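In the working numbering, the protein residues as written are 1 to 200.
Glycine residues also receive a C-beta, built at the ideal position from the N, C-alpha and C atoms.
Predicted, not measured: the structure shown is a model, and the values here were computed from it.
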Amino acid sequence: MTNSVDRRARASQKRQRLMAAAAKVLHEQGVERTTLADIAREADVPVGNVYYYFKTKDELVKAALSEHTAYLDELTGRLDRLPDPRDRLKALVEAWVEQRDVAARYGCPTGTLAAELGKRADGTLDAEAGAVIRRLLDWAARQFREMALSGPDGPDNPDDLALTLVAGYQGMSLMAHALRDPDVMTREGARLRHWLDSLQ
Numbered sequence: 001m002t003n004s005v006d007r008r009a010r011a012s013q014k015r016q017r018l019m020a021a022a023a024k025v026l027h028e029q030g031v032e033r034t035t036l037a038d039i040a041r042e043a044d045v046p047v048g049n050v051y052y053y054f055k056t057k058d059e060l061v062k063a064a065l066s067e068h069t070a071y072l073d074e075l076t077g078r079l080d081r082l083p084d085p086r087d088r089l090k091a092l093v094e095a096w097v098e099q100r101d102v103a104a105r106y107g108c109p110t111g112t113l114a115a116e117l118g119k120r121a122d123g124t125l126d127a128e129a130g131a132v133i134r135r136l137l138d139w140a141a142r143q144f145r146e147m148a149l150s151g152p153d154g155p156d157n158p159d160d161l162a163l164t165l166v167a168g169y170q171g172m173s174l175m176a177h178a179l180r181d182p183d184v185m186t187r188e189g190a191r192l193r194h195w196l197d198s199l200q
């Protein structure tokens, strides 16, 4: 019985290593340039074992998107412990800025994957990448809703504010990557935090 439990635990750990490796390698190399062997090497798993867990590269792309979702849920779960929604949003921006070196080198993990998958003819995985971004938008909109903001023409739409925030992040990630300049993230992150402070 113990051997069976140990085998299942090892298999689960191997699968998790492959998922984390897929997220990392696909972010760094892109879907088209990445091979199953690249992911196996990053996960320190024999390439033949990859097929036991994932039959196709698309299954690994889905696994990478699951990793991005898990990371987002873990991050927003931590931020939800802060008592003030404005502080949660500012801490989110700070978390983005902390990833400035990675963003300058490879772009936003989910955003770059969504852009690449959106160019494929089959049109299946791009919707799944969009779902991760939608999850972030929904979380941000809840924070803005909780802030109950009101502009000169009435209440501000929380969904629109969330879109502005996430678009700001995607834009600064893209520019930092295009210019290979992590300081873009620092400057634009400060601008986003100032914008959040200015909302009444």
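| Item | Value |
| --- | --- |
| Proximal residues to Ala64 (C-beta, below 6 Å), its chain only, five neighbours per side dropped | Ala22, Ala23 and Leu26 |
| Nearest neighbour of Leu165, chosen from Tyr51, Ser66 and Lys90 [CA to CA] | Lys90 |
| Residues near Val45 by beta carbon distance below 7 Å, same chain, minus five either side | Lys14, Arg17 and Leu18 |
| Rounded Cβ spacing between Met176 and Val184 (contact assumed at less than 8 Å) | This sequence places Ala at residue 176; Met is not what is there. Rounded, the Cβ-Cβ distance is 4 Å, consistent with contact. |
| Where Arg33 falls: helix, strand or coil (DSSP) | coil |
| Close Cβ partners of Arg193 (< 7 Å) along its chain, the five nearest in sequence each way excluded | Lys90 and Val93 |
| Rounded separation between Ala70 and Val132 - CA only | 10 Å |
| Cα-Cα separation, Thr112 to Trp139 | 20 Å |
| With 16 other Cβ atoms within 10 Å as the buried cut-off, status of Gly77 | exposed |
| Burial state of Thr124 (16 or more Cβ within 10 Å) | exposed |
| For Cys108 and Leu82, the rounded distance between their alpha carbons | 25 Å |
| Touch test, the stretch 50-57 against the stretch 30-41, Cβ-Cβ under 8 Å, three pairs minimum | yes |
| Per-residue burial, Ser198 [other beta carbons within 10 Å of its own, 16 or more giving buried] | exposed |
| DSSP three-state assignment for Gln143, whether helix, strand or coil | helix |
| Residue span of the alpha helix (DSSP H) that contains Asn157, given as start and end | First-last for Asn157: undefined, no H or E at that position. |
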